[in-house]
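Residues in the sequence shown are numbered from 1 upward in steps of one, following our numbering. The next block holds one structure in the form of structure tokens; read it before the comments.
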Amino acid sequence: MCGIVGYIGPQDATPFILNGLKRLEYRGYDSAGLAVLQDGEIKVRRDAGKLSRLAALVAEDPVHGNIGIGHTRWATHGEPNARNAHPHMGMTGDVVLVHNGIVENFLELRAELEDEGVEFKSETDTEVIVHLVERYLSSEDGLAEAARKALRHLRGAHGVVVMSRAEPDKIVAARIGNAGGVVIGLGEGETYVASDLPAILEHTRQMVFLESHQMASVTRDGVEVNTLDGEPFPFEVQNVPWDPISAEKGEYRHFMHKEIHEQVRSLTDTIAGRVDFEAGRIRLPDLNLTPALARRINKIFITACGTAAYAGMVGKVLIERIARVPVEVEIGSEFRYSDPIVRENDIVLAISQSGETADTLAAMEEGRSKGAKLWSIVNAIGSQAMRIADGFISMQTGPEIGVASTKAYTAPLVDLYMLAILLADLRGTIDDQARRSLVADLRFVPDLAGQCLDREAEVEEVAQTLVDVRHALYLGRGVNMPTAYEGALKLKEISYIHAEGYPAGEMKHGPIALIDSEMPVVVIAPRDPWYEKMFSQIEQAKARGGRVIAVATDGDELIPPVADQVIWVPETPWMLSPVTTVIPLQMLAYHIAALRGLDVDQPRNLAKSVTVE
Ligand code: AGP
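Structure, rendered in structure tokens:
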């Protein structure tokens, strides 16, 4: 979850680093710092707190130079304070380093280094790395070789960027495992390093993504990539289409609000180029799915975390109903340690906006170790979950900056719907007419989303009546059961109101005891195959004095006389209804949190990409 930025070129590195770190704020952090090489000396500014504190430090005591590195830290070892903030220097002042990840064997390394006379200045695990680099630097190895030797001692996953006053024309960056990415941006006579694209997108779109166990030697003229064994690696330069403007808030107060309203565009983009409406067929070329493979598939394990896992739950209903392929949904943190029964013709399908979620990536590795083929549905281009998969579907939503996932929830719903149709088509388990009908329904999705967004004022009115509630229950069934989980997660993660998503049919097995006038119950009851059951759910809640907010389909005449409030959604084909039922719940959570004056884009304790366990 830490943010890393580096610069080398003709400009002053300091403003570049501060601006780049600001672009990474969404990742969540509790301290920040930078180091710049000025007149042959490494100057460090760092402190606990937000970037505004770091900017003030730099203003009080300026540093300027053409090479520098910066960091925003999300504390794992050692509390957030100036001493533990990155960058970290060794004892000689020759080397300075920033790090993302956890040195799992740092205690033994620290003891070994202390035996060599090293005096530690922080409680961090990171500091052992800079002393190891310094140990090898002094034995006549250059910075890259010293860093390579140092990194071989480390256990765990790491992103490391290091520079030395002995080599003022070079920054060295390395990646081990999945502790967040390391990307190198190639400019005109200048080169950038970052842990994520938004920090450098406004400067270049020519990117080199490091993979695990790779190291980059970065100069202002470009980059050389080697494996950690020292072998040259023939890297490719990728042109990333994300434009920096789309990563800005525009007229919106929060990224989340902007991204909710981008869903007409993002749903259009995730469909674009993948649907042949004439032939009534789906094309997902990056999945590398052949008819033979499609027919061989026994079972699909969908693995993900948080919101992405709820998208996977919708995917289970769609793939099983359309393609008749058994699907099991396993959250990443469980799947990775469950010694799962995965067989050769099984697929492990990961869903991840960032493509860097440690539990999801570890679940993918677990699946691969058991012989499964790996697929992924990912938003972040060049991320690990995209790179290690045998086939992938890009969500194509553009940057999602708000910590609370919105467009990166609805896009995979449609991607999973298209995957289900393609699987059924290749396995020959769907007739031409049924397939054409399902494909034709995709045409309406962006407009249906737009209709939901057009009703924001109605949702905001409901939000105003819920600003001071302390609890909420969200109920759904079937394809919209995950909608209840997702609606509840949106509310709790940005408004800090305790909210619980529940399978509606489970209410009578206990939770119905919670119902009273203080417990608002959001009931997701669109015109889908579970409608009648959901209607009776509303009656049950009302019979116990509950307060019901129903999500209902336009024209419904049974619900308004019973529910206390209704949030209307347009008539939607039921398999795509999770797209239209979730959008008002996104807006509901957003407006409640905004009315409560909370940090909607960076909720407390949360980060956009959870790259540690
Ligand atoms: C959702 O709003 C949260 N940000 C969180 O649950 C998120 O979905 C989860 O951490 C998975 O992230 P990923 O999609 O980047 O893997």
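Positions of the beta carbon are idealized from the N, C-alpha and C atoms, including for glycine.
Any non-hydrogen atom of the ligand AGP within 6 angstroms of residue i CB
i: THR290; result: no
i: THR553; result: no
i: ALA147; result: no
i: GLY306; result: yes
i: SER536; result: no
i: GLN353; result: yes
i: ALA404; result: yes
i: VAL610; result: yes
i: THR270; result: no
i: THR219; result: no
i: THR572; result: no
i: THR360; result: yes
i: THR357; result: yes
Three-state class that DSSP yields for residue i in the structure shown
i: PHE233; result: coil
i: GLN451; result: helix
i: TYR496; result: coil
i: HIS131; result: helix
i: LYS407; result: helix
i: ASN288; result: coil
i: PHE209; result: strand
i: PRO529; result: coil
i: ASP425; result: helix
i: ASP269; result: helix
i: ALA157; result: coil
i: TYR29; result: coil
i: TYR590; result: helix
i: ILE583; result: helix
i: HIS471; result: strand
i: GLU145; result: helix
i: MET163; result: strand
i: ASN81; result: coil
i: MET519; result: coil
i: TYR252; result: coil
i: ILE381; result: coil
i: GLU460; result: helix
i: ILE538; result: helix
i: PHE392; result: strand
i: TRP242; result: coil
i: GLY20; result: helix
Environment of residue i [buried if 16+ CB atoms lie within 10 Å]
i: TYR590; result: buried
i: ILE341; result: exposed
i: PRO570; result: buried
i: SER338; result: exposed
i: SER376; result: buried
i: PHE277; result: exposed
i: THR290; result: exposed
i: HIS498; result: exposed
i: HIS254; result: buried
i: HIS471; result: exposed
i: LEU107; result: exposed
i: ASN288; result: exposed
i: VAL237; result: exposed
i: GLU127; result: buried
i: ALA323; result: buried
i: ARG343; result: exposed
i: ARG152; result: exposed
i: GLU518; result: exposed
i: HIS88; result: buried
i: GLY92; result: Before going on, a small fix: residue 92 reads as Thr here, not Gly. It counts as exposed.
i: SER405; result: buried
i: GLY273; result: exposed
i: SER333; result: buried
i: PRO520; result: buried
Interface flag, residue i vs chain C, CB-CB below 7 angstroms
i: TYR531; result: The structure shown contains no chain C; it holds only a single protein chain.
Inter-residue CB distance, residue i and residue j (contact presumed, cutoff 8 angstroms)
i: GLY487; j: LEU585; result: 4 angstroms
i: VAL223; j: THR191; result: 6 angstroms
i: VAL479; j: ILE549; result: Going by Cβ atoms, the distance from VAL479 to ILE549 rounds to 20 angstroms, so no, they are not a contact pair.
i: ALA408; j: MET418; result: Not really, about 16 angstroms apart at Cβ, beyond 8 angstroms.
i: GLY371; j: LEU489; result: Actually they are not in contact, since the Cβ atoms of GLY371 and LEU489 sit about 33 angstroms apart, beyond 8 angstroms.
i: ARG45; j: LEU34; result: 6 angstroms
i: LEU595; j: GLN464; result: 7 angstroms
i: ARG281; j: ASP425; result: 6 angstroms
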